[in-house]
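Since the structure comes first, as structure tokens, the remarks are kept for the end.
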Amino acid sequence: MTRLGERMRNSLQEVEDAANRAGQLASRIVKTETPCIRIAIMCTIDPGKVGRCLAQFQQDHPNLSIELLDFTAATIQEALLNGMVDVAILGSPVEAVPRLRTHELFQERMVMSCGSQNRLAQRESIPLKMIAEFPYIDRLRCEFRDMILSMIDKNDVSLSVVASSEREDWIKSLLAQDHGISIMPESSASSAGLKSVILQDQKLLRSVYLTIPAGREDQLPVQALIKHVKSFNWTIASE
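Residue 143 in the UniProt record's numbering sits at position 143 of the sequence shown, with consecutive numbering throughout.
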């Protein structure tokens with residue numbers, strides 16, 4: 001065999017060996033692959049409580065895996081109905097859809113939140129009209145946004161909006177730097193180290209639900225998740 005032929009043979013052998021290794025790796029991945037539950041999470045749901053619940057679920061069910069996907073209030077139900085995800089965790093208010101089954105996980109207050117340096121930080125509660133005295137940060141993806149704006153308009157309160165964002169992390173950062181105030185779920189404010197101030201003359205409560213398309217409840221991994229979230233102690237998760 002010529003020197004060129006020998007080099008070609010060695011090169012082809014290397015290619016074949018690499019292909020064999022890739023095949024063996026793929027085979028191991030297929031054999032060890034675990035069932036995966038695709039979970040859509042509304043972008044305004046703080047990961048604190050839900051994260052503790054899901055972490056406990058995986059400890060109790062090491063043979064199952066989860067994939068967490070970010071969705072807005074406008075897109076999360078469509079993702080459920082078209083099969084893009086198996087279940088969803090979302091906040092009220094949401095449109096009732098007959099093909100979707102819901103399980104309430106917990107309720108929480110919507111509060112006025114601010115940084116620790118804000119002069120409202122020492123207050124336990126304030127009247128709604130008082131927020132007009134402070135720069136306001138608008139949470140564009142808040143599922144309560146239309147309701148909040150309507151409430152503010154009905155009470156003849158003028159907002160001084162200095163910033164707005166679709167991203168909760170940017171909003172929390174601005175609040176922490178005392179750039180303004182905002183109305184948000186109490187769990188979101190707490191996890192970010194922000195101060196929560198109750199609105200005296202308004203009672204806004206948000207329910208957080210696990211939502212499943214009809215028929216998907218028959219899947220064993222989903223059944224296990226439903227059983228877990230219904231028995232999970234959400235009160236302790238708040239602490």
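C-beta: ideal position from N, C-alpha, C; glycine also.
Can you tell me which of the three DSSP states residue i falls into?
i: THR75; result: coil
i: ASP178; result: coil
i: PHE106; result: strand
i: THR235; result: helix
i: ILE152; result: helix
i: SER187; result: helix
i: SER173; result: helix
i: ILE29; result: Low local confidence applies: a pLDDT of 43 at ILE29 is under 50, so the model's placement there is unreliable, and no value is given.
i: ARG21; result: Because the pLDDT at ARG21 is just 48, under 50, the model does not fix this residue reliably, and the value given afterwards should be weighed accordingly. DSSP places ARG21 in helix when its eight states are reduced to three.
i: ARG38; result: strand
i: VAL222; result: helix
Taking 7 angstroms as the cut-off, does the CB of residue i come closer than this to any heavy atom belonging to the ligand SAH?
i: HIS61; result: Absence of the ligand SAH from the depicted structure is noted, as is the absence of any ligand whatsoever, leaving it without description.
Tell me which residues share the same chain as residue i and place their Cβ nearer than 6 angstroms to its Cβ, disregarding the 5 neighbours each side in the sequence.
i: GLY115; result: LEU175, ALA176, ASP178
i: ALA88; result: ALA40, ILE76, LEU80, THR211
Across which residues does DSSP place residue i in a beta bridge pair?
i: ARG167; result: ARG167 is not bridged to any residue.
i: SER125; result: ILE198
i: ASP138; result: SER164
i: residue 267; result: Nothing can be reported for residue 267, as the shown portion of the chain is limited to 1 through 239.
i: PRO213; result: LEU100
i: VAL157; result: Answer is none; VAL157 lacks a bridge partner.
i: VAL208; result: GLY91, PHE106
i: LEU68; result: ILE39
If I measure Cβ to Cβ from residue i and keep anything under 8 angstroms in the same chain, skipping five residues before and after, which residues do I get?
i: ARG101; result: THR211, ILE212, PRO213, ALA214, GLU217
i: MET147; result: PRO93, LEU204
i: SER65; result: THR34, PRO35, CYS36, ILE37, GLN58
Of the choices the options, whose alpha-carbon is the least far from that of residue i?
i: residue 265; options: GLN107, VAL97, ALA88; result: This structure cannot speak to residue 265, because the chain is shown only from 1 to 239.
i: ALA74; options: LEU194, SER188, ARG141; result: ARG141
Apart from the five residues on each side of it in sequence, which residues of its chain come closer than 7 angstroms, Cβ to Cβ, to residue i?
i: HIS61; result: ALA224
i: LEU54; result: ILE66
ask   = Would you call the segment 191-204 and the segment 120-129 touching, i.e. three or more CB-CB distances under 8 angstroms?
value = yes
key: Three CB pairs or more closer than 8 angstroms across the segment 143-156 and the segment 219-231   = no
task = Mind the definition here: the segment 158-170 touches the segment 131-140 only if three or more C-beta pairs lie below 8 angstroms; say whether that holds.
result = yes
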